[in-house]
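These notes are about the structure you will find just below.
What follows is the structure, given as structure tokens:
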């Protein structure tokens, strides 16, 4: 489906989830088992929970997850000063994103 990515080597691709660039040495298994957290909640969660949308409470943490993106490193380097790439940062499991806001 994405013919332009067929010729790109893995080292030149970036996986972005929740505005975090996930380094190549992390596996999905590592992120799921450690219950890795992103800026707006868990990076990967397939648990069954109550639907907080029914309560209409914006203060509740959502377990919904944003779609992941795969981009070429070259594209990122050219566009890292433009939204949305200017919000992306390297994932660090030690960072607490509890005080993250969507505003600058």
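Numbering (my numbering), first residue to last: 10 to 113.
All residues carry an ideal CB built from backbone N, CA and C; glycine is no exception.
Contact defined as beta carbons within less than 8 Å: I believe residue i pairs with residue j. What is the distance between those atoms, to the nearest angstrom?
i: residue 77; j: residue 26; result: 4 Å
i: residue 41; j: residue 24; result: About 14 Å separates the two Cβ atoms, so there is no contact after all.
i: residue 48; j: residue 106; result: 5 Å
i: residue 83; j: residue 21; result: 7 Å
i: residue 17; j: residue 81; result: 6 Å
Residues in its own chain within less than 8 Å of residue i by CB, not counting five upstream and five downstream?
i: residue 99; result: 29, 30 and 32
i: residue 88; result: 94
i: residue 79; result: 14, 22, 23, 24 and 25
For residue i, list the residues DSSP reports as bridge partners.
i: residue 78; result: 25
i: residue 30; result: 25 and 99
i: residue 51; result: 46
Which first and last residues belong to the alpha helix (DSSP H) in which residue i is found?
i: residue 41; result: 37 to 42
Apart from the five residues on each side of it in sequence, which residues of its chain come closer than 7 Å, Cβ to Cβ, to residue i?
i: residue 44; result: 51
i: residue 117; result: This structure gives no information on residue 117, because the portion of the chain shown stretches from 10 to 113.
Are the C-beta atoms of residue i and some chain B residue less than 7 Å apart?
i: residue 13; result: Given the protein chain composition of this structure (a single chain), no chain B is represented.
Which residues in the same chain as residue i place their Cβ atom closer than 6 Å to its Cβ, once the five residues preceding and following it in sequence are excluded?
i: residue 37; result: none
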